[in-house]
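**Q**
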Amino acid sequence: MQVTNLDDFEDLSEWSAVVSGQARLALAVDTSPHESAMRMDFDFGEGGGFVVARRPVQLTLPDSFAFLMRVRAEAPANVFEFKLVDTEGVNVWRFRDASFDFSSHWRPLRVESRQIEFGWGPGGGGAPSMIGAIEIVIAAGPGGHGRLWLCDLRLEDRTPSQPASVRASSGKPEHVLDARPDTCWQPDQLPAWVEFDFHEPRDYGGLILHWNTPQPRQFKVLESAGGEGWSSVYDAPRAAGMKNYVYLPRGRARLLRLTLDGHEGDPVPGLVAVELQPERFAHSINDFFHHIAEDTRRGRYPRWLYREQSYWTPVDIPDGTTPALFNEEGMIEVAHAGYSIEPMLTIDGKLMTWADCILQQGLARPPLPIPESVWISGALALITTAFAEGPADRAWVFIRYRLENHGSKPVRVGLHAALRPFQVSPPWQGYRNVGGARHIRMLAFRDGAVRVNGRLALVPLSKPSGFGAATFDEGPITDYLATDRLPSAQDVLDLFGYASGALRFDLVVEPGAAGDVWLAAPLAERADADPGEVSEVSFDGEARLDAACAQWSEILEGVDMELPVPAREYLACCQGALAHILINRDGPALQPGPRRYTRSWIRDGVVMAAALLRFGRAREAGEFIRWYAQFQAPDGNVPCCVDRQGVDWLPEHDSHGQFIFAVADYYRFSGDRALVEELWPAVHRAVDYLEQLRADRLTPHY
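Going letter by letter, the sequence shown gives residues 727 to 1428 in the numbering used here.
1. If you check the beta carbons only, do Pro-1320 and Pro-1040 fall under 9 Å apart?
2. How should Pro-889 be labelled, buried or exposed, when 16 other C-beta atoms within 10 angstroms of its C-beta is the threshold for buried?
3. If you drop the 5 nearest sequence neighbours on each side, which residues of the same chain put their C-beta closer than 7 Å to that of Leu-787?
4. Does Phe-735 pass the burial test, meaning 16 or more other C-beta atoms within 10 Å, or should it be called exposed?
5. Flag this pair as touching only if the region 1122-1139 and the region 962-980 have three or more C-beta atom pairs under 8 Å; answer yes or no.
6. Nearest CA to the CA of Asp-923: which residue from Val-892, Arg-943 and Asp-908?
7. Measuring only the C-alpha atoms, how far is Gln-841 from Trp-1327?
8. Tell me, to the nearest whole angstrom, how far the beta carbon of Met-766 is from that of Val-777; I am working on the premise that it is less than 8 Å.
9. Is it true that the CB of Ile-864 sits closer than 9 Å to the CB of Val-805?
10. Only counting the same chain, and skipping five residues up and downstream in sequence, which positions put a Cβ closer than 6 Å to that of Leu-1376?
11. I'd like to know if the region 905-925 and the region 823-836 are in contact, where contact means that at least 3 CB-CB pairs between them fall below 8 Å.
12. Is the number of C-beta pairs between the region 1226-1236 and the region 1085-1096 that are closer than 8 Å three or more?
13. So, with DSSP's three-state summary, where would you put Val-902?
14. Opposite Tyr-1127 in the DSSP bridges: which residues?
15. Ends of the beta strand (DSSP E) at Val-778?
16. Buried or exposed for Glu-990, going by 16 or more other Cβ atoms inside 10 Å?
17. What does Tyr-960 pair with, by DSSP beta-bridge criteria?
18. For the beta strand (DSSP E) containing Ala-1175, name the first residue and the last one.
19. In terms of residues, what are the limits of the alpha helix (DSSP H) holding Trp-1353?
20. Answer yes or no: do Gly-849 and Val-816 have a C-beta to C-beta separation smaller than 9 Å?
21. Hey, how far is the Cα of Ala-905 from the Cα of Gly-1075?
22. Taking 7 Å as the limit between beta carbons, can you name the residues of its chain near Asp-1082, skipping five residues before and five after?
23. Is the Cβ-Cβ distance between Ala-1347 and Tyr-1415 less than 9 Å?
24. Could you pull the start and end residues of the beta strand (DSSP E) that Phe-791 belongs to?
25. Rounded to the nearest angstrom, how far is the Cβ of Asn-1012 from that of Tyr-1037, given a contact under 8 Å?
26. Buried or exposed for Ala-1408, please, with buried defined as at least 16 other CB atoms from any protein chain shown within 10 angstroms of its CB.
27. Glu-821 lies in the beta strand (DSSP E); which residues open and close that run?
28. With C-beta atoms as the reference, is Glu-740 less than 9 Å away from Cys-877?
29. Anyone know if the C-beta pair for Gly-1362 and His-1382 falls short of 9 Å?
30. Quick one: what's got a C-beta closer than 7 Å to Val-837's C-beta in the same chain, skipping five residues either side?
31. Are Val-818 and Gly-847 closer than 9 Å when you measure CB to CB?
32. Taking the beta carbon of Ser-1226 as the centre, do at least 16 other beta carbons fall within 10 Å, making it buried, or is it exposed?
33. With DSSP as the reference, label Glu-1204 as helix, strand or coil.
34. Between the Cα of Ala-1163 and the Cα atoms of Val-1235, His-1016 and Val-1332, which residue gives the shortest distance?
35. Secondary structure at Asp-1021, three-state DSSP: helix, strand or coil?
36. Classify Met-968 as buried or exposed, calling it buried when 16 or more other Cβ atoms lie within 10 Å of its own Cβ.
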């Protein structure tokens, strides 16, 4: 291991202090038992925030590394962070310890590359590489004041010092390392094993296994510190395809062993090559799939796996709870933070995805919130339409795939509705369980419906030509569709948890004609439905579309406006925004978004209530104000934000005035004196709280 000294802290001229709010930070040279140290004197005062010691650097990080330092402190137990900022100053990675040991004795601190997670930035993820700055951060927990000393900052390069050796139960295992596609390790019989010795503990993130046949196989991966005891780290009882990707997050061992198993008479597979992947390959499950997407043809995975943003819109009924998401490629996520449903086409045996088309977006019947995604490829157009309809507790999302043939010859098409373990939200829009990959452990087609993880997921209203599902190790559904076929299994259990599958519909579309495929998915996650529930959606999709349009038209046309032609597009824009306010609503709670922002901030809610009032929707505005008022503290403090986890008491003192305005604005447009009288004591308390804040701030301390 090579270790490089980064700073001896004899001179702090390259370090700078950054603080938030009223926090204070001073940096000074001090001593440790053996060398100079940097001392961070900080004081959060009566508030919170953070303090940062920042130093510009020029570092190129290896695949595996560790930052080494010694620390001691005299401070309350606040949060410690070690941050890396890229050379552009926009992407940030961090090690965060919310229970950091702020004890007074000197101790070593080791921050390994596997502990450093992507924080934020347009890069969207991945591991740090080109670094332009290091930051030492103390963020307020209990706050207060104190000191942190840091010395002996070093970088350890954990790049292996020698190549691996290989041995096997039989055959010629050296072929898996020779990088030749025409040779392979072919064991004499099953079971069999091949073993890699790195001669020292080595960090890794996964494997890519290349085979000489796509036939089914069984394999396991085991690791050992010295060869005396082995631990199973990956099990693939159902695998297939020419290539397998193995997820080994935080892997570290001296020895790795791949075992092959099977039943009597099973063919013995040949292993062409084994690619050991660095830590960054499996820094997270999303990074793992990102690397897989990079290794395959563009379009075989959602756009966010290529680190690209895809725009999306919510789909729901006016009084729903949790909207579906629909993105510009026609990908639909029905369940909250759930799996996706994606259209894919096979034409003349070739797979066509979003990446092979010209993409357009629109509304089925403007300005109603019924979005469409349009793929155009030559004379063929695929129009995906999504809308919600039904009572609040049993609403369904309906999906219509319409193929239009604008050419002069009939077109034979295989249309597929693929179910995949990916959300519409990318990881960089993550919050709690929102964003990135999503588990599909069980996938099955039973009783005329697709079920995901045991719950009703998708009902084909048009008769499908077939259905197939595969585990992750058997290959993604796109690999099957690329050869114009479906997996043979109707029901799979995936131990890794990332199965995929598809419904297929065979269509012949005549010149100048169109063909429709209809599907329905329950908005609320439900356990296995009885035959009666499934049959209730076996109706005319066009009739349901008409019903949804009628409902939205009644809501959005509640206020008559006479406008000149150039201004009507602005009215349509306002009506679309009004629809989204209602779609993102969770009961009485007004929320700015359907996933990342499923919280009610008072300022956002008051602005949305103002929009509702001006378009004749006084009921929803009044329900929001009454609901939010119950969270006011006895002293009049109005919280900045409320969600299903409770109240956020972060001090944002516009909250009290926002609440007072909301009550006044509601009365101005509704004339409803009863609600104002009900909330009048709350208004008084908010005014009193503002007066007290003002009195506190008009003191010499401020």
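Think of the CB as a built atom: it goes at the ideal place given N, C-alpha and C, for glycine as much as any other residue.
**A** The structure says:
1. yes
2. exposed
3. Pro-854, Ser-855 and Ile-857
4. buried
5. no
6. Val-892
7. 33 Å
8. 7 Å
9. yes
10. Cys-1366
11. no
12. no
13. helix
14. Thr-1110 and Val-1243
15. 776-786
16. exposed
17. Val-947
18. 1175-1178
19. 1344-1355
20. yes
21. 32 Å
22. Gly-1025 and Ser-1103
23. no
24. 791-800
25. In fact, because the Cβ distance is near 19 Å, the residues do not count as touching under 8 Å.
26. buried
27. In the sequence on display, residue 821 carries Phe and not Glu. That run of the beta strand (DSSP E) goes 818-823.
28. no
29. yes
30. Ala-792, Phe-793, Phe-808 and Phe-821
31. yes
32. buried
33. First, the amino acid is wrong: residue 1204 is Thr here, not Glu. Three-state DSSP puts Thr-1204 in a helix.
34. His-1016
35. coil
36. exposed
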